[in-house]
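Take this note's numbering: the last position of the sequence shown gets the number 138, and nothing is skipped along the way. First up is the structure itself, then whatever we jot down about it.
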Amino acid sequence: MTSAASAGAPVDGILATATIVLSLVLALWSLVAAVRHRAPDRLQFVGLAVLEVALLALAVVALVALGGGERPGEPGAFFGYLVTLVCLPPLAWVLAKMEPTRWGSAIVCAVCLVLPVVVVRLQQTWEVAGG
């Protein structure tokens, strides 16, 4: 029964958990920087890059599962969340570079708080078919 549940949800697991944790840690770091009136620093940009790599890996896992014949419960919503997921970190990067004040750090924080929600919604849209 456990293998069937994990086979039905390729976007669940350690990779999804790692992206959520990494995103929340980066959000906390960015929040501290924003509260201290600091512009985005190198660590925030490196964190966004690492987060993007993890999110791209999650997207690849989902696309490989689709290629293997698995299907999400809500395909339209699933693909919308998947595209949003991989576009948000680069968007945060660009906006934070354009805003080299504490508000740039606030942008990174806001995006990093949204990403875990999008990951969870991605998981939920996949699991609808099983419910």
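Cβ atoms here follow ideal geometry from the backbone N, Cα and C, with glycine treated the same way. All values derive from a computational prediction rather than experimental measurement.
| Asked | Found |
| --- | --- |
| C-alpha gap between Q51 and E134, whole angstroms | 32 Å |
| Length-filtered (4 minimum) alpha helix (DSSP H) runs lying within the segment 94–130 | none |
| Meets three-Cβ-pair contact criterion under 8 Å: the segment 42–56 and the segment 69–86 | no |
| The segment 48–68 in contact with the segment 110–126 per 3-pair CB rule at 8 Å | yes |
| A69, enclosing alpha helix (DSSP H) - first and last residue | R49 to G74 |
| C-alpha gap between V101 and V67, whole angstroms | 23 Å |
| C-alpha distance - V18 paired with K104, whole-angstrom precision | 30 Å |
| Residue of L22, S30 and A99 minimising C-alpha distance to V124 | S30 |
| Same chain only: Cβ atoms within 7 Å of A16, ignoring 5 sequence neighbours per side | Q130, W133 and E134 |
| 8 Å contact criterion, which L98 and L65 should meet: CB distance rounded | Going by Cβ atoms, the distance from L98 to L65 rounds to 17 Å, so no, they are not a contact pair. |
| V28: first and last residue of the uninterrupted alpha helix (DSSP H) it sits in | I21 to V42 |
| Helix, strand or coil at P82 [DSSP, three-state] | helix |
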